[in-house]
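Presented below is the structure to which this report refers.
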Amino acid sequence: MNKYIMYLLLLLIMGIQIIYMTKANLASIIQLLMIAIAISITDSLYRPNKKLRNITLIIINTAILSISHRIVWKEISISLIIVYAVFSVIFCLIARSEKRKEVNQ
């Protein structure tokens, strides 16, 4: 599956969530844009054999997602940070699979 399709599906799911939230406002739109920024940062900066760089990328994306949640909901917990770290790892795994496809072609 194409990485852009996977990213668009992820953004679509998050967009539908924002539509059905009672708190759909400018902050929610900012949160969706920050998630899109995290995805694009992962896509452009991920390198298959650079572990330290990729760990830093996961930390940056986790921070972006946590800050965006804090903007919307005014609170953040450790469990949510863990969830966002998992999302960041998923972003990197998708980027990794696509980078390997590029190298093999």
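In the working numbering, the protein residues as written are 15 to 119.
Note that the Cβ used here is the ideal one computed from N, Cα and C, for glycine as well.
(1) Ignore the nearest five residues each way along the sequence and tell me which others in Leu66's own chain have a CB closer than 6 Å to its CB.
(2) Between Lys64, Tyr60, Leu25, which has its C-alpha nearest Leu47's C-alpha?
(3) Would you mind listing the alpha helix (DSSP H) stretches within the region 38–62 that are 4+ residues and don't spill past its ends, in chain order?
(4) To which residues of the same chain is Lys113 closer than 7 Å at the C-beta, ignoring the five residues directly before and after it?
(5) Is Ile44 near Ser102, with beta carbons less than 8 Å apart?
(6) In angstroms with no decimal places, state the Cα-to-Cα distance between Ala41 and Trp87.
Straight from the coordinates:
(1) none
(2) Leu25
(3) 40–59
(4) Tyr60, Pro62
(5) no
(6) 9 Å
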